[in-house]
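S.K.:
Number of protein chains: 2
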Amino acid sequence: MPTPAAAIATRAYAPLPPSGKWKDDADTHRPVSILSTLGAVVGYDRNAEIYGEDASAEHVYVVLSGAVRICKLLGDGRRQIEAFCLPGDVFGWEASGRHRFSAESVCDTKVVRIKRSMLFARASDDAELSHALWSLTVAELHRAQNHLLVLGRKNAQERVATFLVDIAARSGASTDEVLLPMSRQDIADYLGLTIETVSRTLTHLEERGAIALPSSRRVVLRDRNALRQLNS
Amino acid sequence: MPTPAAAIATRAYAPLPPSGKWKDDADTHRPVSILSTLGAVVGYDRNAEIYGEDASAEHVYVVLSGAVRICKLLGDGRRQIEAFCLPGDVFGWEASGRHRFSAESVCDTKVVRIKRSMLFARASDDAELSHALWSLTVAELHRAQNHLLVLGRKNAQERVATFLVDIAARSGASTDEVLLPMSRQDIADYLGLTIETVSRTLTHLEERGAIALPSSRRVVLRDRNALRQLNS
DNA sequence: CGGCGTTTTGATGTATATCAATGCCAGTGG
DNA sequence: CCACTGGCATTGATATACATCAAAACGCCG
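Going down the list, the protein sequences come from chains X and F.
The numbers in the first sequence follow my numbering, run straight up by one, and end at 234.
The numbers in the second sequence follow my numbering, run straight up by one, and end at 234.
#1: To be precise: take each residue of the region 84 to 96 of chain X, compare its Cβ to all Cβ atoms of chain F, and keep it if any distance is under 8 Å. Which residues remain?
#2: Anything in the region 64 to 85 of chain F with a Cβ closer than 7 Å to a Cβ of chain X? List those residues in chain order, please.
#3: Name the chain X residues that come within less than 7 Å of residue 104 (chain F), Cβ to Cβ?
#4: Given a limit of 9 Å on CB to CB distance, which residues of the region 163 to 177 of chain F reach chain X?
#5: Alpha carbon to alpha carbon, what distance is there between residue 170 (chain X) and residue 116 (chain X)?
#6: Any beta-carbon of chain X closer than 8 Å to the one on residue 39 (chain F)?
#7: According to DSSP, simplified to helix, strand and coil, what is residue 27 (chain X)?
#8: Looking only at its own chain, which residues have a Cβ that is under 8 Å from the Cβ of residue 55 (chain F), when we skip the five neighbours before and after it?
#9: Does residue 206 (chain X) get closer than 8 Å to chain F when you measure Cβ to Cβ?
#10: Among X:160, X:228, X:36, whose alpha-carbon lies nearest the alpha-carbon of residue 130 (chain X)?
#11: Measure the alpha-carbon distance for residue 114 (chain F) versus residue 49 (chain X) and round it to whole angstroms.
#12: Which of the three DSSP states, helix, strand or coil, is assigned to residue 96 (chain X)?
#13: Exposed or buried, what is residue 232 (chain F) when buried is set at 16 or more other beta-carbons lying within 10 Å of its beta-carbon?
#14: Bridge partners of residue 175 (chain X), per DSSP?
#15: So residue 161 (chain F) packs on residue 193 (chain F), CB below 8 Å; how close in whole Å?
#16: By the 10 Å Cβ neighbour count, where 16 or more other Cβ atoms means buried, how is residue 166 (chain F) classified, buried or exposed?
#17: Residues of chain X with CB under 9 Å from residue 126 (chain F), in chain order?
#18: Identify the continuous beta strand (DSSP E) that holds residue 62 (chain F) and give its terminal residues.
#19: Applying a beta-carbon distance threshold of less than 8 Å, which residues of chain F neighbour residue 153 (chain X)?
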């Protein structure tokens with residue numbers, strides 16, 4: 003199951019030379035609008051490090067456009083992506099003063115960067131803000147808990163199907179076509195699989211007629227019922 | 003990987019006839035003391051349901067003694083335990099008004115049950131309480147995120163070792179002997195393994211000299227370095 | 001067109017699941 | 001006090017989903 007030894011060498015996890023590509027969206031859809039006004043917009047190229055594991059936690063971030071992966075490395079190079087953050091998502095919460103994961107842009111990405119100290123200062127006499135912070139954190143907890151179920155008890159097909167449905171819902175696409183900002187390796191590390199298994203599973207879902215793959219980063223959800231069935 | 007079809011029939015997940023057994027501890031160790039004063043103590047027998055999936059969320063709970071499992075069932079009977087809550091832990095947070103998991107006592111258990119409405123009312127003009135709620139939620143998020151790494155990228159030995167070290171640390175035992183309140187099935191459903199694999203892995207760790215098993219519920223951590231090594 | 005990073009496909013291996021006994025207590029009743 | 005029972009836990013034999021290793025194929029950019 004694990005990826006052994008020299009994995010770091012062959013799998014380029016470290017932020018790569020950027021070569022941007024992805025669409026802007028530029029507007030938040032969710033009740034994080036309160037936050038978005040409290041910080042400055044920052045842009046990142048593809049595969050840039052936003053912060054590293056153990057970095058001191060100075061800011062909280064709201065995604066405006068693009069996508070961010072939150073991840074953790076094991077000593078031997080195995081990587082787990084805890085979450086993908088899409089426009090409207092918030093990341094960077096920490097109880098201690100240090101980040102326990104790293105955050106990297108998946109593609110060209112814009113975020114609002116908010117000083118934690120400022121945020122907490124305001125929250126201490128703004129009950130509404132304070133409640134907003136809490137409920138955003140709860141939302142993230144819920145996402146993590148759902149993902150636990152996926153990683154603990156679902157097989158490859160179910161994992162991929164769940165992933166596709168989730169991304170489709172969150173990217174708020176009105177059509178059935180989803181654009182995946184992340185690579186197969188990212189998906190694999192998110193779903194606790196290997197890149198080969200992700201690829202094979204996608205082609206298998208295509209053969210079953212559940213999806214279509216006009217290109218590797220574009221997925222059409224053909225049979226949502228079939229996919230939903232793989233969700234529980 | 004998945005447990006198919008008739009699993010529900012053979013694996014008795016539904017709350018069983020109680021037949022209590024486990025030690026009291028009766029005092030909170032953690033900075034939840036603020037909360038403990040805000041609700042009433044409630045006791046549960048072994049394997050009692052504290053709340054079910056989709057139940058409306060009226061309360062938040064603090065564990066005083068015993069242990070609680072937070073879990074979710076898949077349609078076909080596969081179960082994932084999201085967390086074990088030990089004395090001092092808080093559970094029952096929800097953003098919506100419904101519980102998204104069920105909570106069951108693992109053994110005889112005492113909790114403080116606090117009305118959510120009351121808690122939030124107070125929090126809205128008590129910045130300290132409000133911050134406490136938030137940081138408890140963040141702590142739980144962190145726990146879930148750590149667990150994601152375990153489920154996504156660790157093998158059976160690493161999972162079990164991580165589990166033992168974690169439980170030992172959290173149960174605050176001064177010695178190297180840990181008393182496990184939960185069954186092998188519970189451990190398996192927490193670690194995303196089967197009961198057989200958990201059992202085999204434990205005996206394997208014993209053969210390696212990393213642990214000793216004087217009885218099935220008692221584990222002695224003999225070689226913490228070996229165990230820690232399996233942690234990263 | 002040529003090269004490089006990524007994805008797909010194929011052949012094989014292995015960790016863990018599954019199926020099936022057997023063993024171990026703790027509690028119960030004769 | 002001892003046989004009997006019913007939950008758990010352990011152990012063994014076998015199956016399988018996914019990982020691993022290796023090689024094409026694709027797509028993009030220079």
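Think of the CB as a built atom: it goes at the ideal place given N, C-alpha and C, for glycine as much as any other residue.
Keep in mind it's a predicted model, so treat the numbers as computed, not measured.
M.R.: Let me spell this out:
#1: 84, 95, 96
#2: 74, 76, 77, 80, 82, 84
#3: Reading the second sequence from its first residue, position 102 is the one you call residue 104 (chain F). What residue 104 (chain F) touches in chain X: nothing, since even the nearest Cβ is about 12 Å away.
#4: none
#5: Position 114 of the first sequence, counted from the start, is the residue given in the question as residue 116 (chain X). Position 168 of the first sequence, counted from the start, is the residue given in the question as residue 170 (chain X). Straight-line Cα distance between these residues: approximately 28 Å.
#6: For the purposes of this step, residue 39 (chain F) is taken as residue 37 along the second sequence, with counting starting at 1. Not one chain X Cβ lies under 8 Å of residue 39 (chain F).
#7: Counting from one through the first sequence, the residue named residue 27 (chain X) turns up at place 25. The predicted position of residue 27 (chain X) is uncertain, since its pLDDT is 39 and thus under 50; a value taken from the coordinates is nonetheless stated next. The answer is coil: DSSP assigns residue 27 (chain X) none of H, G, I, E or B.
#8: Translated into positions along the second sequence, residue 55 (chain F) becomes position 53. Here the set comprises 74, 75, 101, 102, 103, 104.
#9: By one-based count along the first sequence, residue 206 (chain X) stands at place 204. So, not an interface residue.
#10: The sequence position of residue 130 (chain X) within the first sequence is 128, counting from 1. Considering only alpha carbons, the answer is X:36.
#11: Within the second sequence, numbered from 1, the residue matching residue 114 (chain F) stands at position 112. Within the first sequence, numbered from 1, the residue matching residue 49 (chain X) stands at position 47. Cα-Cα distance, rounded: 46 Å.
#12: Here residue 96 (chain X) is taken as the residue at index 94 of the first sequence, counted from 1. Three-state DSSP puts residue 96 (chain X) in coil, outside helix and strand.
#13: The residue you call residue 232 (chain F) lines up with position 230 of the second sequence. Buried, by the Cβ-count rule.
#14: Indexing the first sequence from 1 puts residue 175 (chain X) at position 173. The partner list for residue 175 (chain X) (beta bridge, DSSP) is empty, contrary to what the question assumes.
#15: Here residue 161 (chain F) is taken as the residue at index 159 of the second sequence, counted from 1. Here residue 193 (chain F) is taken as the residue at index 191 of the second sequence, counted from 1. Contact flag correct, Cβ pair sits at about 4 Å.
#16: What you label residue 166 (chain F) is simply residue 164 of the second sequence in a count that begins at 1. Per the 10 Å Cβ criterion, buried.
#17: Along the second sequence, read from residue 1 onward, the residue named residue 126 (chain F) stands at position 124. By Cβ distance, chain X contributes 129, 130, 132, 133.
#18: For the purposes of this step, residue 62 (chain F) is identified with residue 60 of the second sequence, where counting begins at 1. That run of the beta strand (DSSP E) goes 61 to 67.
#19: What you label residue 153 (chain X) is simply residue 151 of the first sequence in a count that begins at 1. Here the neighbours are 150, 153, 154, 194.
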